[in-house]
Every structure is written in structure tokens, then in C-alpha cells.
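J.: Quick note on numbering: numbering that gives the first Met the number 0 labels position 37 of the sequence shown as 36, and the sequence is numbered without any gaps.
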Amino acid sequence: MQQAVQFAVDHESTWDRETTGTWGVHLQDPPPWNRLLG
């Protein structure tokens, strides 16, 4: 387990974890494809 944790720490993504923004969301698309899921 410790190796898995260390791997995750060593390979941390620089991407933002904020889910309230519109990153990757195309607001002009029809529902439900105009929402960030997950």
C-alpha cells in the first residue's frame, strides 16, 4: 500500500481539481452533455 501511495504522490497531476469552473464544458451542447460529470 505504501508503494501505491508513494507512486501517487510522485506522479501528482498539475491539473486543477476545481469542479465548479467550466473547464472542458461546452455550454452550447445539449443536456446532459453540457455539464461536467465526475
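Quick reminder that beta carbons are idealized off the backbone N, C-alpha and C, glycines included.
Keep in mind that this is a model prediction, so the values were computed, not measured.
What separation, rounded to the nearest whole angstrom, lies between the Cα atoms of L36 and D28?
T.: 14 Å
J.: How far does the alpha helix (DSSP H) with Q5 in it reach, from first residue to last?
T.: 1 to 9
J.: Whose C-beta lies closer than 8 Å to the C-beta of V24 among residues of the same chain, with five residues either side of it excluded?
T.: N33, R34, L35
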